[in-house]
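Protein chains in written order, with our numbering: chain A, 1 to 456; chain B, 1 to 456. All residues carry an ideal CB built from backbone N, CA and C; glycine is no exception. Let me begin by presenting the structure, written as structure tokens, before commenting on it.
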């Protein structure tokens, strides 16, 4: 119990999770099913298998199987960069003068620079196993695209990436990393797809969004024999794979007899948050323990805090199934900002349902305060964080400062999803005082909300 | 002995080295002393202390003390990113089809992206302890500058960095990382120093070199009250601090009963190589074990393989002491290439002496073959390596392929000094087939050699 806690807690390889945990199995009220955008009936496995690999369709629809064994090939790949460390933020605690104990699960120690690799390698594995030739995808900040490129290179699959234009321009080196791993990268919206052309015609000069890029990638996957589409967030299957984050975190805490009080994650589509909180939320759902769980999103794209819980399209082009989720509207395109990976209009159905049930909290934070937190963190903890991850840092610091006021010795755990090495344009703007904090007005949000599809 | 070897061997915090190892103590013939450039007499501690912190001067001149206890403050900082993993390159071995076992000590898992942080934090610590206001330095690839920025930020010291111009331009984001940590960065040669002005007048349009940048940084340090100069490589003190790499490597190998056969490191000024090989060379010097030790340098800047062993200036501006080393001549400026950190005209005196005694081998490799090795490595091992580190990868692959021919199951250990996230311009050139393999001619080298200082 009172073992001295090292700066970094590493599990042994033998202690690494051997199965992913499917949080849905413990939810009494399950997340709402995906609907066919034409008939508004639940999507069948057959319909989904046009877009996704068969095994991934099974995982997507399976609300009951509690554990999925992680195939050995994937576990071998995981060993190249996992277990990731759970770090005790001794220096940050000292800097803040807080009695709280702060821990972060650092997922940035791999070339993709984030947790995205955890699901990329799984999706590439199942595509390969099905005998496919390649996959298509979208990427926002570029982390998912990089991760998928690495995974496809490992399994010798072709990889076509549509990259949100604002990120493509802000992060020119990301595409070179993807190219190192043999992927092709197209800025989105592009003229290479019908949906891209349509979006460009309607919104000339748009800097793009994840929703646009998804539409383009799906169009190419469905129209090219031997290809399927893969997605780095939002979907149930992705949260399943990302449960490895939470399982490792929980195992590391348990190893040292530490009980988390607050678990914090940044939330874009929900992949990191859903993965990190999985085993904690599981205990909460089963009534075995209680935790405060906090989702942190950008004030510029506030799907949980200012969106509505409704059926909506997953993509801007409206070619994908409908998902019930907290959403700002599928044609919402956030103001250009630097939280590339958090620019999604909606939120994982699982997380949306949990939030709706009051099982977790959400808050939004402004861009400049996020970068202030990032810089503070970098200077004391040594790691230069991704802007996405820094949303969680900001909330963790706020909670730690509350503990300073109350004198409470809480255990705060947050997800440090990645590094900011490819985000130096954003850091530069911050240093030069050129970063804005644009927040959409209620009127703007209402406009997009009014265009939500009508589903009975 | 036959314990299963994990992909990554991590030491426990309690197993981390508590003292640095001073290789000089075990050398029968010591490295030649630094000489005063005016009198050609050995530099005294008093003379050196104008440039360097007092404690570092002591370390620099001490050929006898075998172990230096690592101060607790430095050990605490080390815990934020150390121990670094010793990785078994299972995937690379499989790809090569070699019976050899390949291990690499990965020093890139920190924001500076390399091993440079190991000495930066030590030098910042001693500067702070001496009550200094700040330090000046040069940086080539930007890794040392980033490392020093991080270290200075941690100890609240001012940090002025002169960055080799070619790297400053090729790696625009590096300076933003340094800025995040509060450093000021000036491209070198610059108009801000006398020596910079002189070099610019003599070589208009020069892309700079480490030698130039050192001269500028020293000039500013000596001319600014409360400042000293710090250097990221070459010096004895740096190799002392970097011995932590080798000590951890040796401890990790010992833990699993592995005996290295070949130890390989890239060599610019020698900081990584000297640190990595320290305990292995120590055993060799004491006659306790034998190892093949290989230094790998760029063919464009081949100080060991084509230089001469002679006294030379450490800097282009000839303001620093003379060091006896393998050198190409202090005004040698290599053709623009992408091994920024390996563009130094000389080599650590310690390593030069060991090489001269026949205790280690050296080889040079061409730029494009280095990047080919880098890409192969990235695709199978997942880590996108720094160009500098990729010199060692190239040699390790070559040795592993020799084992494939002979069927020998050798243990090959190499230093993977850092990541290439800030080197994507170089990778882009490689992908586009725009990388050249310029090698200096014998005539060119003879020209620089003729200008070596005459020392009796």
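Exercise. Which value, in whole angstroms, describes the spacing of the CA atoms of residue 461 (chain A) and residue 81 (chain A)?
Worked result: This structure cannot settle anything about residue 461 (chain A), because the visible part of chain A is limited to 1 through 456.
Exercise. Got a sec: which bits of the region 382-407 of chain B sit with their beta carbon under 9 Å from any beta carbon on chain A, in order along the chain?
Worked result: 382, 383 and 384
For this session: Take the Cβ of residue 452 (chain A) as the centre, count every other Cβ of all protein chains shown within 10 Å, and call the residue buried at 16 or more, exposed below.
Result: By 1-based counting over the first chain, the position of residue 452 (chain A) is 452. It is buried - the Cβ of residue 452 (chain A) has at least 16 other Cβ atoms within 10 Å.
Exercise. Where residue 343 (chain B) and residue 35 (chain A) are concerned, what is the direct C-alpha to C-alpha distance, given to the nearest angstrom?
Worked result: By 1-based counting over the second chain, the position of residue 343 (chain B) is 343. By 1-based counting over the first chain, the position of residue 35 (chain A) is 35. About 60 Å.
Exercise. Which chain A residues are close to residue 173 (chain B), counting only those with a beta carbon under 7 Å from its beta carbon?
Worked result: For the purposes of this step, residue 173 (chain B) is taken as residue 173 along the second chain, with counting starting at 1. Contact note: residue 173 (chain B) reaches chain A through 424, using a C-beta cutoff of 7 Å and chain order.
Problem set entry | As assigned by DSSP and simplified to three states, the class of residue 203 (chain B) | Taking the first residue of the second chain as 1, we reach residue 203 (chain B) at position 203. The answer is coil: DSSP assigns residue 203 (chain B) none of H, G, I, E or B.
For this session: At 8 Å on the CB atoms, spell out the chain C contacts of residue 63 (chain A), in chain order.
Result: In the structure shown, chain C cannot be found, because the protein chains are A and B.
Problem set entry | Outcome for residue 1 (chain B) when other beta-carbon atoms lying within 10 angstroms are tallied against a minimum of 16 | For the purposes of this step, residue 1 (chain B) is identified with residue 1 of the second chain, where counting begins at 1. With a pLDDT of only 41 at residue 1 (chain B), under the threshold of 50, the placement of this residue in the model should not be trusted, and no figure is reported.
For this session: Identify the contact partners of residue 91 (chain A) in chain B, using a Cβ-Cβ distance below 9 Å as the criterion.
Result: The residue you call residue 91 (chain A) lines up with position 91 of the first chain. The contacting residues are 76, 77, 80 and 154.
Exercise. So, using beta-carbon positions, are residue 83 (chain A) and residue 125 (chain A) closer together than 8 Å?
Worked result: For the purposes of this step, residue 83 (chain A) is identified with residue 83 of the first chain, where counting begins at 1. For the purposes of this step, residue 125 (chain A) is identified with residue 125 of the first chain, where counting begins at 1. In this structure, residue 125 (chain A) does not lie closer than 8 Å to residue 83 (chain A) by Cβ.
Exercise. Among B:384, B:381 and B:366, which one has its Cα closest to the Cα of residue 437 (chain B)?
Worked result: Numbered from 1 along the second chain, position 437 holds the residue referred to as residue 437 (chain B). Residue B:366 is the option with its Cα nearest to residue 437 (chain B).
Problem set entry | residue 32 (chain B) versus residue 324 (chain B): straight-line alpha-carbon distance, rounded | Position 32 of the second chain, counted from the first residue, corresponds to residue 32 (chain B). Position 324 of the second chain, counted from the first residue, corresponds to residue 324 (chain B). Residue 32 (chain B) and residue 324 (chain B): Cα-Cα distance of roughly 6 Å.
Exercise. If you measure from the beta carbon of residue 1 (chain A) to each beta carbon in chain B, is any gap under 8 Å?
Worked result: Counting from 1 along the first chain, the entry for residue 1 (chain A) is found at position 1. In this predicted model, residue 1 (chain A) has a pLDDT of only 41, less than 50, meaning its place in the structure is not dependable enough to derive any value.
Exercise. Is it buried or exposed for residue 461 (chain A), if we count other Cβ within 10 angstroms and need 16 for buried?
Worked result: Residue 461 (chain A) lies beyond the stretch modelled for chain A, which goes from 1 to 456, so this question has no answer here.
Exercise. Taking the continuous beta strand (DSSP E) assigned at residue 298 (chain B), which residues delimit it?
Worked result: The residue labelled residue 298 (chain B) in the question sits at position 298 within the second chain. Element bounds for residue 298 (chain B): 292-298.
Exercise. When burial is assigned at 16 or more other CB atoms within 10 Å of the CB, is residue 39 (chain A) buried or exposed?
Worked result: Looking up residue 39 (chain A) in the first chain gives position 39. Per the 10 Å Cβ criterion, exposed.
For this session: Figure out for me which residue from A:320, A:277 and A:145 has the closest Cα to the Cα of residue 104 (chain A).
Result: Against the first chain, residue 104 (chain A) aligns to sequence position 104. Of the listed residues, the one whose Cα sits closest to residue 104 (chain A) is A:277.
Exercise. Using a C-beta to C-beta distance shorter than 8 Å, which residues of chain B count as neighbours of residue 417 (chain A)?
Worked result: Position 417 of the first chain, counted from the start, is the residue given in the question as residue 417 (chain A). In chain order: nothing, as chain B lies at least about 15 Å away.
For this session: Give the residues from the region 105-134 of chain B that approach chain A closer than 7 Å (Cβ to any Cβ), ordered along the chain.
Result: 109, 110 and 111
Exercise. I think residue 428 (chain B) touches residue 424 (chain A), with their Cβ atoms under 8 Å apart; what is that distance to the nearest whole Å?
Worked result: If you number the second chain from 1, residue 428 (chain B) lands on position 428. If you number the first chain from 1, residue 424 (chain A) lands on position 424. Not really, about 16 Å apart at Cβ, beyond 8 Å.
Exercise. Under the three-state reduction of DSSP, which class applies to residue 7 (chain A): helix, strand or coil?
Worked result: On the first chain, position 7 is the one that residue 7 (chain A) refers to. Residue 7 (chain A) falls in the coil class under three-state DSSP.
Problem set entry | Near-chain A residues of the region 178-212 of chain B - C-beta to any C-beta below 8 Å | 179, 180, 181 and 182
For this session: Could you name each continuous alpha helix (DSSP H) segment of 4 residues or more that falls completely within the region 9-94 of chain A, going from the start of the chain to the end?
Result: 45-48, 54-61 and 72-81
Exercise. Excluding five sequence neighbours on each side, which residues of the same chain lie with their C-beta closer than 8 Å to the C-beta of residue 395 (chain B)?
Worked result: Along the second chain, read from residue 1 onward, the residue named residue 395 (chain B) stands at position 395. Excluding sequence neighbours, residue 395 (chain B) sits near 264, 294, 296, 363, 365 and 414.
For this session: Over the uninterrupted alpha helix (DSSP H) stretch that includes residue 272 (chain A), give me the two end residues.
Result: Here residue 272 (chain A) refers to the residue found at position 272 of the first chain. Here the alpha helix (DSSP H) through residue 272 (chain A) covers 271-285.
Problem set entry | Short CB-CB distance (under 8 Å) between residue 147 (chain B) and chain A | Stepping through the second chain from its first residue, residue 147 (chain B) is reached at position 147. With 8 Å as the cut-off, residue 147 (chain B) does not count as an interface residue toward chain A.
Problem set entry | Proximal residues, the region 5-23 of chain A versus chain B, C-beta separation under 8 Å | 6, 7, 8, 10, 12 and 13
Exercise. Mind listing which residues of the region 302-322 of chain A have their C-beta closer than 8 Å to chain B's C-betas, in chain order?
Worked result: none
Exercise. Is the distance from the Cβ of residue 106 (chain B) to the Cβ of residue 383 (chain B) below 8 Å?
Worked result: Position 106 of the second chain holds residue 106 (chain B). Position 383 of the second chain holds residue 383 (chain B). Their beta carbons are under 8 Å apart, which means residue 106 (chain B) touches residue 383 (chain B) by this criterion.
Problem set entry | Residue closest to residue 161 (chain A), alpha-carbon to alpha-carbon, out of A:245, A:191 and A:139 | To locate residue 161 (chain A), count along the first chain from 1; it is residue 161. The residue from A:245, A:191 and A:139 with its alpha-carbon nearest to that of residue 161 (chain A) is A:139.
Problem set entry | Residue range of the beta strand (DSSP E) that includes residue 390 (chain B) | In the second chain, residue 390 (chain B) corresponds to position 390, counting from 1. Careful: residue 390 (chain B) lies outside any beta strand (DSSP E), inside the alpha helix (DSSP H) at 387-406.
Exercise. Hey, how far is the Cα of residue 458 (chain A) from the Cα of residue 345 (chain A)?
Worked result: Given that chain A is displayed from residue 1 to residue 456, the structure contains no residue 458 (chain A) and the question cannot be resolved.
For this session: Just grab the DSSP bridge partners of residue 164 (chain B) for me.
Result: For the purposes of this step, residue 164 (chain B) is identified with residue 164 of the second chain, where counting begins at 1. BP columns for residue 164 (chain B) point to B:188.
For this session: With 9 Å as the limit, tell me which residues of the region 351-380 of chain A have their beta carbon closer than that to any beta carbon of chain B; keep them in chain order.
Result: In summary, the residues of the region 351-380 of chain A whose CB is separated from some CB of chain B by less than 9 Å are 374, 375, 378, 379 and 380, in the order they occur in the chain.
For this session: Show which residues of chain B have a CB atom less than 7 Å away from the CB atom of residue 150 (chain A).
Result: Locating residue 150 (chain A) in the first chain gives position 150, counting from the first residue. Ordered by position in chain B, the residues that pass the 7 Å Cβ test against residue 150 (chain A) are 382.
Problem set entry | Selection of the region 428-446 of chain B by Cβ proximity to chain A, strictly under 7 Å | 428 and 431
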